[in-house]
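Participant: Provided herewith is a single structure, encoded as structure tokens, for subsequent inquiry.
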Amino acid sequence: MADYRHNLNTKEPIVNSESAPNPDTMADASADLPPTPDGGEGLMGLTNVEPSPVEETPAEFKEDYFPATEPQRTSTLGLGNHGPAYYLSRIQRYSSYAFTVFSSFHIANVSLIPLLTRSVPESNRYLLLTRPYYQSTLTEPLLVALPLLVHVSSGIALRLYRRRQTLRRHGAETTGDRKRIPWPSLSGTSALGYALVPLASFHVLTTRIMPLYMHGDNSMINLSYIAHGFHLYPIVSFAGFTALVGVGVWHVVWGAARWLDWVPSQVRDTDSRRHLRKKRRWYGINSVSALVAGVWLAGGLGIVGGVGR
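The UniProt record's numbering applies: residue 1 is where the sequence shown begins, and numbers increase by one.
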């Protein structure tokens with residue numbers, strides 16, 4: 001590089017010729033360098049290319065780098081872009097509403113009315129009056145069989161789907177991996193529901209299917225028929241009826257509390273009152289369950305079952 005200094009008298013720059021580069025030397029140095037490759041390649045062997053905008057990304061590579069985004073749509077029925085768990089939960093919930101209608105009629109006929117009349121023959125009159133509303137050819141499948149089947153099936157499907165999601169989240173590929181990954185936790189309400197399936201199935205078998213097979217008609221089933229069964233098989237009848245009512249009532253009451261966001265685990269307080277509110281909800285739900293089960297057993301076992309003894 002040239003050394004430029006200013007003369008104080010003439011104010012002109014003074015060039016130091018010793019530090020200035022020699023043109024002949026630079027020419028010789030450039031001649032020793034390797035020639036630049038043709039085709040637009042740089043010194044590092046890279047090719048200069050034009051930049052490719054996002055809009056011109058090749059179709060075969062576009063989906064790998066830029067996943068397709070679908071617009072948020074809502075159908076005319078109000079169904080948004082939700083996963084299977086959302087719809088299975090809604091199906092399980094709404095199917096329980098229809099079955100609750102039948103349960104209300106049933107507890108009134110086999111428990112509340114016998115408690116009020118204190119007579120099985122008198123209670124049979126009310127049973128015959130209300131039976132066409134929930135045991136006809138049309139209403140029984142719609143209010144009993146179909147909601148019960150949908151409720152149980154959606155619950156099992158929801159559990160299997162959550163299990164599949166857990167396996168995918170942990171990257172399980174072999175059978176050994178699947179065995180090491182635990183299943184989703186089973187709530188107390190779900191456990192009662194699974195225990196209720198064989199109890200309810202046995203109840204349907206003895207009161208609906210077997211009379212139809214043995215007598216050719218199940219419309220003859222009334223409270224006197226049930227009382228006769230308590231007399232013939234007292235241990236099985238009392239134990240089975242108690243288990244059916246207890247498990248069924250606790251499952252229904254806790255399930256209804258969950259739909260209404262009243263279970264202890266759904267308390268949203270973060271202060272010191274959280275523990276107190278959870279305890280109050282636990283005692284409240286179990287108190288309601290015990291009250292309903294007690295009334296049901298008092299009418300079913302105390303009045304109907306007591307006549308058969």
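For glycine and all other residues, C-beta sits at the position ideal for the given N, C-alpha and C.
#1: On the CB-based measure, 16 or more other CB atoms within 10 Å of its CB, does glycine 299 come out buried or exposed?
#2: Quick one: grab the DSSP three-state call for glutamine 135.
#3: To the nearest angstrom, report how far apart residue 320 and tyrosine 134 are at their CA atoms.
#4: Could you spell out the range, first to last residue, of the alpha helix (DSSP H) harbouring proline 184?
#5: Do proline 184 and arginine 163 have their CB atoms nearer than 9 Å?
#6: Using 8 Å for Cβ pairs, my map puts threonine 166 next to isoleucine 156. What's the rounded Cβ distance?
#7: What residue ranges within the region 138 to 207 form continuous beta strand (DSSP E) runs of no fewer than 3 residues, ordered along the chain?
#8: Going by CA-CA distance only, name the one from Thr117, Ala243, Thr137 and Phe105 that's closest to histidine 203.
#9: Quick check on the burial criterion: 16 or more other C-beta atoms within 10 angstroms. Buried or exposed for alanine 239?
#10: Considering only residues of the same chain and omitting the five flanking positions on each side of valine 267, which have a CB-CB separation below 6 Å?
#11: In terms of alpha-carbon separation, which member of Tyr86, Gln92 and Pro121 lies closest to isoleucine 303?
#12: Could you tell me whether the Cβ atoms of proline 114 and serine 123 are closer together than 9 Å?
#13: Give the secondary structure of tryptophan 250 by DSSP, where H, G and I count as helix, E and B as strand, and everything else as coil.
#14: Identify whether valine 263 lies in helix, strand or coil by the three-state DSSP scheme.
#15: Taking the straight line between their C-alpha atoms, what separation do you get for tyrosine 194 and methionine 220?
#16: Do you know offhand how far serine 89's Cα is from leucine 116's?
#17: Cα-Cα, which of Arg258, Pro234 and Arg280 is closest to serine 187?
#18: Would the beta-carbon of valine 236 fall within 9 Å of that of leucine 199?
#19: Can you tell me where the alpha helix (DSSP H) holding residue 326 begins and where it ends?
#20: Is it buried or exposed, glycine 306, if we count other Cβ atoms within 10 angstroms and call 16 or more buried?
#21: According to DSSP, is serine 119 helix, strand or coil?
#22: Determine the burial state of alanine 191: buried for a count of at least 16 other Cβ atoms within 10 Å of its Cβ, exposed for fewer.
#23: Quick one: measure Cβ to Cβ for valine 110 and leucine 223, integer angstroms, because I've assumed they're closer than 8 Å.
#24: Are the beta-carbon atoms of leucine 148 and serine 95 separated by less than 9 Å?
#25: Hey, how far is the Cα of leucine 291 from the Cα of isoleucine 285?
#26: Enumerate in chain order the residues of its own chain whose CB-to-CB distance from serine 154 is below 6 Å, with the five nearest sequence positions on each side excluded.
#27: According to DSSP, is aspartate 64 part of a helix, a strand, or is it coil?
#28: Which residues bound the alpha helix (DSSP H) around histidine 106?
Facilitator: Reading off the structure:
#1: buried
#2: coil
#3: Residue coverage of the chain in this structure runs from 1 to 309, which leaves residue 320 outside it and unanswerable.
#4: Note, proline 184: premise wrong, no alpha helix (DSSP H); not H, not E.
#5: yes
#6: Threonine 166 to isoleucine 156, Cβ: 16 Å. No contact.
#7: none
#8: Ala243
#9: exposed
#10: Arg274, Arg277 and Lys278
#11: Pro121
#12: yes
#13: helix
#14: coil
#15: 30 Å
#16: 38 Å
#17: Arg258
#18: no
#19: Outside the shown range of the chain (1 to 309) lies residue 326, about which nothing can therefore be said.
#20: exposed
#21: coil
#22: exposed
#23: 7 Å
#24: yes
#25: 10 Å
#26: Leu88, Ile91 and Gln92
#27: Any answer about aspartate 64 is weak, because its pLDDT of 49 lies below 50 and its placement is not dependable; what the coordinates show is given next. Aspartate 64 falls in the helix class under three-state DSSP.
#28: 84 to 107
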